[in-house]
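*Asks:* In full-length UniProt numbering, the protein residues as written are 1 to 42.
By construction, the Cβ of each residue, glycine as well, lies at the ideal position given by its N, Cα and C atoms.
Quantities reported herein were computed from a predicted structural model and do not represent experimental measurements.
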Amino acid sequence: MLSSDHFGWLSTELALCAESTTNPKTNAHTRPVGKRPSLVKA
Numbered sequence: 001m002l003s004s005d006h007f008g009w010l011s012t013e014l015a016l017c018a019e020s021t022t023n024p025k026t027n028a029h030t031r032p033v034g035k036r037p038s039l040v041k042a
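1. In angstroms with no decimal places, state the Cα-to-Cα distance between residue 33 and residue 9.
2. Indicate whether residue 30 and residue 42 have their beta-carbon atoms separated by less than 8 Å.
3. Just grab the DSSP bridge partners of residue 8 for me.
4. On the three-state DSSP scale, how would you describe residue 40?
5. Measure the CB-CB distance between residue 11 and residue 23 and report whether it falls below 8 Å.
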């Protein structure tokens with residue numbers, strides 16, 4: 001199965017990140033079942 005990319009905005013604050021993570025543009029790359037998607041800042 002091929003992965004696919006989806007554009008969107010991350011709507012949560014991640015405490016481990018130094019910069020604000022509320023509403024940045026992101027690309028979500030889906031992965032095989034059982035694996036978390038990869039999120040990349042756009």
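*Replies:* Short version:
1. Residue 33 and residue 9 have their C-alpha atoms roughly 23 Å apart.
2. No, Cβ-Cβ distance for residue 30 and residue 42 is not below 8 Å.
3. DSSP lists 26 as partners of residue 8.
4. For residue 40, the three-state secondary structure derived from DSSP is strand.
5. Going by C-beta atoms, residue 11 is nearer than 8 Å to residue 23.
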